[in-house]
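Numbering follows our numbering, with no gaps: position 21 of the sequence shown is 534.
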Amino acid sequence: MDVLHFVFGIFGNATALFLFLAPAITFKRIIKSRSTEEFSGIPYVMTLLNCLLSAWYGLPFVSPNNLLVSTINGTGAAIEFVYVVIFLIFAPRKEKAKILGLLTFVLTVFAAVALVSLLALHGNKRKLFCGVAATVFSIIMYASPLSIMRLVIKTKSVEYMPFFLSLFVFLCGTSWFIYGLLGHDPFVAVPNGFGSGLGAMQLILYAIYRNNKGEPKKKVNNDGSMEMMGGTGKDADRDPVKHQLSSTNKQVDEQV
């Protein structure tokens with residue numbers, strides 16, 4: 514049992530690291546263009562909070578036998594902090610002020626949780642308090658792809674939902690779900706079970722709509738003329754659907 518627990522923890526670390534590094538492509542683009550364009554910094558700040566709370570929860574004096582939870586989330590917190598700093602460097606003044614305010618809120622929440630758990634709580638009460646806080650924000654992080662899933666259903670196209678990202682959301686959630694079950698830890702099992710379910714739903718949607726990726730569709734206008742919709746070729750720039758959804762396409766990696 515202990516060996517399996519360790520194995521699934523290592524696998525969970527590997528898949529989670531992939532998810533944390535996935536937005537690096539976006540930030541390479543931001544650095545190159547010296548602009549945040551239409552990207553949002555909010556998901557990275559909120560993921561930073563999730564990582565900080567989960568890393569704190571995994572520490573031995575809070576939750577024994579969960580050090581692997583702490584290592585990957587500590588790494589994730591460092592990665593997300595770098596993303597946030599890059600975003601702040603290149604963001605417009607108004608957006609920069611908003612993200613700085615949110616970052617201050619996030620650090621305040623984490624500091625409050627850490628101080629209360631250290632100074633006012635002990636034993637199981639400390640684990641319960643930190644576990645609930647980490648669980649809430651883990652579920653929020655995993656729920657972020659819901660808008661993309663709704664978009665896939667609406668457009669009947671997986672162009673905005675990369676397969677490998679969906680696959681690793683499923684693998685990461687499943688690994689930590691099993692890790693939590695083996696360790697009899699609901700604060701690890703519950704949010705990651707939720708994440709595993711959402712990842713499975715993304716893969717099901719991909720299986721249903723995979724043949725529609727980038728496939729042009731015909732629209733009949735009121736005057737009876739035909740208009741190509743959803744193309745990815747040379748006419749894509751004139752595609753009204755593609756124009757409306759381009760900002761969402763840029764934010765696909767905000768799932769993590």
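Where a beta carbon is used, it is the ideal one built from N, C-alpha and C, also for glycine.
Need the endpoints of the alpha helix (DSSP H) that residue i sits in, please.
i	result
Asp515	515 to 534
Lys545	537 to 546
Met559	555 to 570
Ser679	676 to 695
Lys669	Careful: Lys669 lies outside any alpha helix (DSSP H) and carries neither H nor E.
Ala656	636 to 656
Phe707	699 to 722
Taking all protein chains shown into account, do 16 or more other C-beta atoms lie within 10 angstroms of the C-beta of residue i, making it buried, or fewer, making it exposed?
i	result
Asp515	exposed
Asn735	Because the pLDDT at Asn735 is just 49, under 50, the model does not fix this residue reliably, and the point stays unresolved.
Asn724	exposed
Ala624	exposed
Pro658	buried
Ser688	buried
Glu702	Residue 702 is actually Ala in this sequence, not Glu. With 16 or more Cβ atoms within 10 Å of its Cβ, Ala702 is classed as buried.
Lys545	exposed
Val649	exposed
Leu628	exposed
Phe618	exposed
Ala610	exposed
Gly614	exposed
Leu677	Here the sequence assigns Phe to residue 677, which means Leu is not the residue at that position. Phe677 is exposed by the Cβ-count criterion.
Gly636	exposed
Leu580	exposed
Thr560	buried
Ile602	exposed
His518	buried
Would you mind giving the Cβ-Cβ distance between residue i and residue j, rounded to the nearest angstrom? I have them listed as a contact below 8 Å.
i	j	result
Tyr719	Ser679	6 Å
Ser548	Ala568	Between Ala568 and Ser548 the Cβ distance is about 31 Å, and since that is not below 8 Å, they are no contact.
Gly554	Glu593	11 Å between Cβ atoms; not a contact.
Ala647	Leu566	4 Å
Tyr557	Gly644	Contact doesn't hold; Cβ gap of about 24 Å is too wide.
Ile612	Val597	7 Å
Lys638	Val575	Incorrect: roughly 11 Å between the Cβ atoms, too far for contact.
Phe683	Ser709	6 Å
Phe533	Gly589	5 Å
Helix, strand or coil for residue i per DSSP?
i	result
Asn579	coil
Thr617	helix
Leu631	helix
Met742	A caution first: Met742 carries a pLDDT of 48, below 50, which makes its placement in the model unreliable, though a value can still be read off. DSSP places Met742 in strand when its eight states are reduced to three.
Phe552	coil
Ala604	coil
Phe623	helix
Phe594	helix
Glu767	The predicted model places Glu767 with a pLDDT of 45, which falls under 50 and marks its position as unreliable; any figure quoted below should be read in that light. If DSSP states are grouped into helix, strand and coil, Glu767 belongs with the helices.
Report whether the distance from the Cβ of residue i to the nearest heavy atom of the ligand FAD is below 7 Å.
i	result
Trp569	Looking for the ligand FAD in the displayed structure turns up nothing, as the structure carries no ligands at all.
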